[in-house]
Amino acid sequence: MGSLINSLEIMREVKGAVFTPSSIGAFGPSTPLDNTPQDTIMRPTTIYGISKVAAELWSDYYFLKYGVDTRGVRYPGIISNVTLPGGGTTDYAVEIYYEAIKNKHYTCYLKPGTYLDMMYMPDAMRACVELMEADPKKLKHRNCFNVTAMSIEPEMIAKEIRKHIPEFTIDYQIDPVRQSIAETWPNSMDQTAAMEEWDWKPEYDLPAMTLDMLKVLSQKLKK
5 MGSLINSLEI MREVKGAVFT PSSIGAFGPS TPLDNTPQDT IMRPTTIYGI
55 SKVAAELWSD YYFLKYGVDT RGVRYPGIIS NVTLPGGGTT DYAVEIYYEA
105 IKNKHYTCYL KPGTYLDMMY MPDAMRACVE LMEADPKKLK HRNCFNVTAM
155 SIEPEMIAKE IRKHIPEFTI DYQIDPVRQS IAETWPNSMD QTAAMEEWDW
205 KPEYDLPAMT LDMLKVLSQK LKK
């Protein structure tokens, strides 16, 4: 949090802009889980989520108080073909591709039917750039916009992988900690504000992402 405030202070002095990445982790168990509104109750139950809400509020404060051009998005789970999974709640959606290529099998730590919003890294990067390039006069929300590309659960990814690796199988060994966290996060987010205020539109859906993930990771794992 200190680094964010330092950045906001510097931008206040030089009249610059600040992008603050927030997350679906900013929501909590009292948040509507389906089609989660742009403006809704937050009250997260993790330190990660609390920090994200605080960052949104600090960014709003510096815009309202000092006119700093602050902007941000609430990212869903990010799926990357570059960064290795690090044990986060949504990281199963990265691990599953590695294991599909290496072992043709994946043991998932979330229950089947656990829907979470996800986004492929190229879309995540583009969302940041497009928001920062957007006309500030059109922005009503600033900190932070709901953005997403797909609402998916483990069996959906497995089914898509089987189109390319027919022998792929999946089973489940539930991690109660990560499962309990996932159940406090949205099943799907309403991103109407982002679409209306800066013309946001994701490019990758589940089939397109799966095709690219398997292609890139297959080449990567051969090295």
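Per our numbering, the sequence shown runs over residues 5 to 227. All residues carry an ideal CB built from backbone N, CA and C; glycine is no exception. Every value quoted in this text rests on a predicted model; they were computed, and no experiment measured them.
1) According to DSSP, simplified to helix, strand and coil, what is Leu81?
2) Taking 7 Å as the limit between beta carbons, can you name the residues of its chain near Leu68, skipping five residues before and five after?
3) Could you check the C-alpha separation between Val77 and Thr24 for me, to the nearest Å?
4) In terms of residue numbering, what span does the alpha helix (DSSP H) encompassing Ser184 cover?
5) Excluding the five sequence neighbours on either side, which residues of its own chain have a C-beta within less than 7 Å of the C-beta of Asn16, listed in chain order?
6) Check the DSSP bridge columns for Tyr110 and list the partner residues they point to.
7) Would the beta-carbon of Ala21 fall within 9 Å of that of Pro48?
8) Can you grab the Cα-Cα spacing for the pair Glu134 / Ser26, in whole Å?
9) Quick one: is Ser63 buried, meaning 16 or more other Cβ sit within 10 Å of its Cβ, or exposed?
10) So, does the region 77-88 touch the region 104-114, judging by three or more C-beta pairs under 8 Å?
11) Taking the alpha-carbon of Cys132 as reference, which of Val98, His145, Gly117 and Val151 has the nearest alpha-carbon?
12) What span of residues does the beta strand (DSSP E) with Leu8 cover, start to end?
Let me lay it out:
1) Correcting the residue type first, residue 81 is Gly in the shown sequence and not Leu. In this structure, Gly81 counts as strand in the three-state DSSP scheme.
2) Spatial neighbours of Leu68 in its own chain (CB-CB distance under 7 Å, excluding positions within 5 residues in sequence) are not present.
3) Answer to the nearest angstrom: the Cα atoms are 7 Å apart.
4) That run of the alpha helix (DSSP H) goes Pro180 to Ala186.
5) Inspection of the sequence shows that residue 16 is occupied by Arg rather than by Asn. Here the set comprises Tyr66, Tyr70 and Val72.
6) Partner(s): Ile174.
7) A distance of 9 Å or more separates the beta carbons of Ala21 and Pro48.
8) Near 16 Å, if we compare the C-alpha coordinates of Ser26 and Glu134.
9) Of the other Cβ atoms in all chains shown, 16 or more fall within 10 Å of the Cβ of Ser63; this residue is therefore buried.
10) The region 77-88, when compared against the region 104-114, does not touch it at the 8 Å Cβ threshold.
11) It is Val151.
12) Where Leu8 is concerned, there is no enclosing beta strand (DSSP E), although the alpha helix (DSSP H) around it starts and stops at Gly6 to Val18.
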